[in-house]
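Residue numbers (UniProt numbering), protein chains in the order written: chain E, 1 to 240; chain D, 1 to 240. Take a look at the structure set out below.
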DNA sequence: ATTTTCTGACGAACGTGTTCGTTCCCGTTC
DNA sequence: GAACGGGAACGAACACGTTCGTCAGAAAAT
């Protein structure tokens, strides 16, 4: 596992390298991530693990963002989608799946950021979207399920990014006190509304706020139809 | 307003370096951004502009994320908040301000990403929050204004990040076809729901979708009270 | 007036992502 | 069997963010 510097043995002594494939690269990247954390997954470190040079990786992966997208998709493939077909209230089951997604993202916050930058389009992501669409179909009018799933996922991803990078910065104290100090420094003269609300602005745990946000989104989706003239798309039925 | 290029005088002609201050650094950074784009605002380029070395900047700025936060806050300070006190429907005025915020962010997408990673806490941001709180107070029950403003801004920031980085990637074609291809490749066997919806999943312009999202959020906020037991915070009134 | 202290500034260095030109190998074609 | 062509792998290099140890110069203390 820890190759260290086992003397500069020429590569020909290594018994048949796995030949370098996208799958192998992603697997190695996930291995490093689980063992040492995502921030350790650098192109150089990864290349070293695969006994090659950094430039060689670029044959299979366009850049680090793309690599992370592959890693994330792999993770999403392992997501528990059993709530999709389980019995019970569709809202509860939907929120359960969304929480799973969010939890996966929060575990490796850097991946969430990638998902926000590079829109996922891998099989793992599509699998999840399909499941969510099935759940939405149970209770949401047909015209807005497409936009709704996007909105929900977009929101969870963003929240994970925010929460996550804050965890990386580690000192939640520092962050909090930064904004907290500013709030406490607000006087009725400078920022009246902020001063009035005070620490209520930063109240609640992340879970509480996210749970509330889910309710807000679902309630809003249920009673907000899609604007007219936004659904006539050529070939929208998938039968060209 | 438009600083332009007041003759590219060599740095040695500069009469007495501005002594290097946070204000000066941020101003120079904004200058480079407006002239050459945000991606050109590197520590080295910035140091060169200020006729010093990169390391010197770290006395005033912890890292690039922090620098960008300062830049963003400066931009936010120039935001048009006149709708806050204007007459008319509070919802329309609120959305107007949110659009301003979003537009500012989309102009320099990298800044949006910073805002998502490092929570803003500068005067420009607080000014905007205070204005939004005033607008929300006109129509939203008091218990949820604090969380609502956070939710709204969080969402706009995330959307700008997503939209923006896509613009940077430039080929919206490429991006679109990536997901589009996956959608078209979906069969009723593999991903039934996705196949059924087809291109409707990617329908609508960014504006249409964001406008709809605003409606969803506001409608949801209006009818989703905050969960009980989440508002008793010590010193919540700002009077310790 | 001399000494001490401390902070802003700096030069050099490390590890990073990414690109470029070259080399090598293997399947294809004559 | 020989020559070829193309994709995979590589070595070297560039610009980047950030850190470290050092230094100068001003402020504070004596």
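Note that the Cβ used here is the ideal one computed from N, Cα and C, for glycine as well.
| Item | Value |
| --- | --- |
| Straight-line gap, residue 239 of chain D to residue 201 of chain E (C-alpha atoms, nearest Å) | Because the pLDDT of residue 239 of chain D is 44, which lies under 50, any placement of that residue in the model is unreliable, and the number read from its coordinates should be weighed accordingly. C-alpha separation (whole angstroms): 15 Å. |
| Residue-chain proximity (residue 216 of chain D, chain E), Cβ-Cβ < 7 Å | yes |
| Given residue 121 of chain D as reference, the closest of E/179, E/76 and E/121 once Cα atoms are compared | E/179 |
| Contact list for residue 219 of chain D against chain E, beta-carbon separation under 8 Å | 219, 220, 223 and 224 |
| Segment contact, 8 Å Cβ cut-off, at least three pairs: the stretch 27–45 of chain E with the stretch 89–97 of chain E | no |
| Exposed unless 16 or more other CB atoms sit within 10 angstroms - verdict on residue 144 of chain E | buried |
| First through last residue of the alpha helix (DSSP H) which encompasses residue 245 of chain D | Outside the shown range of chain D (1 to 240) lies residue 245 of chain D, about which nothing can therefore be said. |
| Under 8 Å from the C-beta of residue 194 of chain D: neighbouring residues of chain E | 126, 129, 130 and 133 |
| At least three beta-carbon pairs within less than 8 Å, the stretch 183–193 of chain E to the stretch 100–117 of chain E | no |
| Cβ of residue 178 of chain D within 7 Å of any chain E Cβ | yes |
| Opening and closing residue of the alpha helix (DSSP H) in which residue 71 of chain E lies | 64–77 |
| Span separating the alpha-carbon of residue 208 of chain E from that of residue 151 of chain D | 13 Å |
| Residue 119 of chain D, buried or exposed, once every other Cβ within 10 Å from all chains shown has been counted against 16 | buried |
| Amino acids of chain D, ordered along the chain, whose beta-carbon sits closer than 9 Å to that of residue 227 of chain E | 204, 208, 211, 212 and 215 |
| Counted within 10 angstroms of its Cβ, other Cβ atoms place residue 148 of chain E as buried (16 or more) or exposed | buried |
| C-beta neighbour in chain D for residue 182 of chain E, strict 7 Å | yes |
| N- and C-terminal bounds of the alpha helix (DSSP H) containing residue 187 of chain D | Per DSSP, residue 187 of chain D belongs to no alpha helix (DSSP H) and is neither H nor E. |
| Alpha-carbon spacing of residue 222 of chain D relative to residue 58 of chain E, whole angstroms | 50 Å |
| CA nearest to the CA of residue 134 of chain E, picked from E/90, E/226, E/47 and E/155 | E/90 |
| Reduced DSSP category for residue 224 of chain E - H, G, I as helix; E, B as strand; rest coil | coil |
| Beta-carbon neighbours of residue 92 of chain E, restricted to chain D and to distances below 9 Å | What residue 92 of chain E touches in chain D: nothing, since even the nearest Cβ is about 15 Å away. |
| Burial state of residue 131 of chain E (16 or more Cβ within 10 Å) | buried |
| 7 Å Cβ cutoff met for residue 160 of chain D and residue 76 of chain D | no |
| Unbroken alpha helix (DSSP H) run spanning residue 95 of chain D, endpoints | 90–107 |
| Straight-line Cα distance separating residue 102 of chain D from residue 197 of chain D | 29 Å |
| Within-7 Å CB hit, residue 116 of chain D to chain E | yes |
| Beta carbon of residue 79 of chain E nearer than 7 Å to that of residue 33 of chain E | no |
| Per-residue DSSP class, three states only, for residue 30 of chain D | helix |
| Contacts around residue 44 of chain E, its chain only, beta-carbon distance under 6 Å, and the 5 residues preceding and following it disregarded | 54 |
| Residue-chain proximity (residue 151 of chain D, chain E), Cβ-Cβ < 7 Å | yes |
| Own chain residues within Cβ distance below 8 Å of residue 170 of chain E, not counting five before or after | Because residue 170 of chain E sits at a pLDDT of 48, beneath the cut-off of 50, its placement in the model cannot be relied upon, and the following sentence gives the value as read from the coordinates. Closer than 8 Å at the Cβ level, and outside the excluded window around residue 170 of chain E, lies no residue. |
| With 16 other Cβ atoms within 10 Å as the buried cut-off, status of residue 22 of chain E | exposed |
| Below-7 Å beta-carbon distance, residue 121 of chain D vs any chain E residue | yes |
| Distance, residue 52 of chain E Cα to residue 224 of chain E Cα | 54 Å |
| Contact with chain D by residue 158 of chain E, beta-carbon distance below 7 Å | yes |
| Residue 81 of chain E vs residue 115 of chain E beta-carbon contact at 7 Å | no |
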